[in-house]
Amino acid sequence: MNGVSLIRLFDLIKTGIYSGCVAIITDEAPTAHMMNQLSEKSLQHFRSVTVWNLSNEFSEHSLHGNTELLLVYGLEQCLPDSAAIHSARTRLDIRRNSGKFSIMCLDQTTYEKHFCDSKQPFYQFCDSVEEARVTDLTG
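Per our numbering: the sequence shown = residues 132 to 270.
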């Protein structure tokens with residue numbers, strides 16, 4: 132399998148190849164530290180970046196304004212069919228339709244629960260890439 136750099140991943144999101152959103156499937160549940168590192172790297176390519184942790188905050192401020200890139204994590208703590216997940220899906224759709232971008236980070240088990248079950252709100256919501264294929268994600 133060929134790897135992809137973060138810069139290339141950002142380009143694919145911006146050009147619409149990934150429909151303005153991509154899921155990065157991680158080996159373990161994403162941590163705040165990992166998301167902050169990704170945020171720092173993203174700021175080199177996006178005007179503004181906000182990290183949104185679904186597991187402990189459902190704050191409106193993360194979704195409003197002119198944040199160009201929204202980094203989402205914490206789906207591991209949310210039930211796939213919960214009201215919070217339905218609301219998050221709606222808000223991410225609005226962002227995507229407004230020309231804004233999102234990256235969702237989640238582990239393999241959570242990806243399967245949320246994205247592979249046709250009864251769930253995030254079913255086939257966006258393309259995905261495995262963390263191991265992103266050559267410069269960590270470090």
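Glycine included, C-beta positions come from ideal geometry on N, C-alpha and C. Please read all numbers here as calculations on a predicted model, not as lab measurements.
The C-beta distance from Thr241 to Leu206 rounds to 5 Å, short enough to meet the 8 Å contact threshold. Where Tyr204 is concerned, the enclosing beta strand (DSSP E) starts and stops at Leu200 to Tyr204. Leaving aside the five residues that flank Cys247 on each side, the residues in its chain whose CB is nearer than 8 Å to its CB run, in chain order, Tyr254. Looking at the DSSP output, Glu261 bridges to Ile156. When DSSP states are grouped into helix, strand and coil, Leu143 belongs to the helix group.
Between Leu201 and Ser173, the CB-CB gap reaches or exceeds 7 Å. With contacts defined as CB atoms closer than 7 Å, Ile156 and Ser259 qualify as a contacting pair. Take Ile225, set aside five residues on each side of it, and no residue of its chain has a beta-carbon closer than 7 Å to its own. For Asn184, the enclosing beta strand (DSSP E) stretches over residues Val180 to Asn184. At the C-beta level, Arg222 and Pro252 stay beyond 7 Å of one another. Of the residues Lys231, Asn184, Glu171 and Asn197, the one whose Cα lies closest to the Cα of Leu268 is Glu171. If you check the CB distance, Val203 and Trp183 come in under 7 Å.
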